[in-house]
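In my numbering, the protein residues as written are 9 to 353.
Just so it is clear, CB atoms sit at the ideal spot from N, CA and C, and this is done for glycine as well.
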Ligand code: AQP
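Shown next, in the form of structure tokens:
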């Protein structure tokens with residue numbers, strides 16, 4: 009393992025890859041690959057917990073792989089692959105279905121959000137999703153998982169499963185994986201509603217910035233982003249940690265969200281941003297936000313489009329990644345099978 013340990017993280021190929029996925033996850037993946045042995049997965053098994061058109065699923069799988077590459081993940085250094093191609097994930101998930109408890113899954117807020125009122129009609133896969141996520145991570149005995157804030161609860165469940173497995177079988181086998189919730193944009197909010205997270209499944213295109221938006225789309229979306237009549241908050245809106253106070257966040261969620269996005273894209277602190285733009289009308293600040301978004305996201309979108317037109321290259325990266333991932337996960341699965349008592353004649 010390289011220096012600090014081994015990381016695993018995944019993104020679902022469910023289309024509409026957005027700025028939240030980039031700032032909360034993919035951007036960190038790029039930085040972490042220098043210090044950790046990194047395994048980055050396009051989690052297609054997770055995607056089918058809700059209906060996916062097969063043709064679209066294939067295209068979306070390539071889209072995420074292209075985003076990983078375009079953002080700067082080096083496939084010769086890190087592993088990039090799609091989950092279904094390494095059977096250890098599904099195998100270990102079944103074992104974890106038998107370790108994990110119904111009571112634990114019943115507490116998962118993501119299932120409640122995603123199943124909504126139509127709970128009886130949700131797939132059993134959607135319900136058991138966190139067990140598969142634990143298998144994804146523990147099939148590699150990953151020490152750390154970089155994720156956005158929304159995945160923290162699932163990570164805690166992964167630790168519970170690891171601990172129960174170790175206790176049940178009297179072994180010290182699985183590590184207690186730590187989340188890495190990094191950066192200033194661990195929870196990017198919708199451009200239409202600052203109390204809802206930016207999400208792939210929001211029906212409004214104007215709620216999110218897509219990684220493949222061109223300059224015109226970026227400008228339009230930022231211009232239409234909801235704000236309030238007040239100017240950009242100034243230094244008085246900061247607490248003693250030099251972050252926006254909880255009161256201002258609660259009163260002006262959309263304004264605070266745009267400041268967060270700007271600061272992260274511009275690689276500067278909240279304090280630097282409010283010092284520079286505090287008191288100015290939002291129309292001016294939105295121009296600056298558009299410029300930095302075009303500068304930072306434009307090249308990634310262009311490279312993604314180029315890669316998506318080169319299916320052969322993307323598929324070759326995924327195939328090579330799956331072989332390297334399987335070489336790590338298969339021996340771990342075999343050891344787990346021995347611990348559980350499965351005969352391997
Ligand atoms: N709004 C967000 N802010 C910060 N990080 C985010 N992530 C997702 N949304 C935000 C992080 O992106 C990674 C990949 O997410 P995913 O595609 O596997 O699953 P998700 O969390 O279900 O993504 P979406 O976009 O929100 O999709 P839907 O609409 O289906 O729920 C994760 O590390 C996640 O934390």
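About 6 Å separates the beta carbon of residue 166 from that of residue 185, a gap short enough to meet the 8 Å contact definition.
In the structure shown, residue 103 adopts helical secondary structure according to DSSP, grouped into three states. In the structure shown, the three-state DSSP call for residue 14 is strand. Of the heavy atoms belonging to the ligand AQP, at least one sits nearer than 7 Å to the Cβ of residue 31.
Secondary structure of residue 220 (DSSP, three-state): coil. Distance from the C-beta of residue 249 to the nearest heavy atom of the ligand AQP is not below 7 Å.
In the three-state scheme derived from DSSP, where H, G and I count as helix and E and B as strand, residue 152 is classed as strand. Under the DSSP assignment, residue 119 falls in the alpha helix (DSSP H) whose first and last residues are 117-123.
By the beta-carbon neighbour count (other beta carbons within 10 angstroms, threshold 16), residue 61 is exposed.
In the three-state scheme derived from DSSP, where H, G and I count as helix and E and B as strand, residue 169 is classed as helix.
Sequence-distant partners of residue 143 (beyond 5 residues in either direction) whose C-beta falls short of 7 Å from its own C-beta, in its chain, are 97, 100, 101 and 104. DSSP lists 50 as the beta-bridge partner residues of residue 90. Counting the other CB atoms within 10 Å of its CB gives residue 294 a total of 16 or more, which places it among the buried residues.
The bridge partners DSSP lists for residue 187 are 153. Minimum Cα-Cα distance from residue 287 among the listed residues 255, 314, 243 and 325 corresponds to 243. Nearest Cα to residue 298 within the set 317, 233, 252 and 260: 233. Counting only runs of at least 4 residues, the region 260-301 fully encloses the following alpha helix (DSSP H) elements, listed from N- to C-terminal order: 261-273 and 278-285. Shortest gap from the CB of residue 161 to any heavy atom of the ligand AQP: 7 Å or more.
Going by DSSP, residue 320 is part of the alpha helix (DSSP H) stretching over 319-348.
Sixteen is the threshold: since fewer than 16 other Cβ atoms of the shown chains lie within 10 Å of the Cβ of residue 106, the residue is exposed.
Secondary-structure assignment with DSSP links residue 205 through a beta bridge to 197.
When the beta-carbon positions are compared, residue 220 and residue 206 stay at least 8 Å from each other. Residue 162 sits in a helix when the DSSP states are folded into three classes.
Nearest C-alpha to residue 182 among 190, 279, 188 and 173: 173. If you compare the alpha carbons of 82, 145 and 27 with that of residue 328, the shortest gap goes to 82. If you compare the alpha carbons of 270, 59 and 64 with that of residue 240, the shortest gap goes to 270. Cβ contact annotation for residue 245 (same chain, cutoff 8 Å, sequence separation greater than five): 252, 253, 256, 282 and 286, in chain order.
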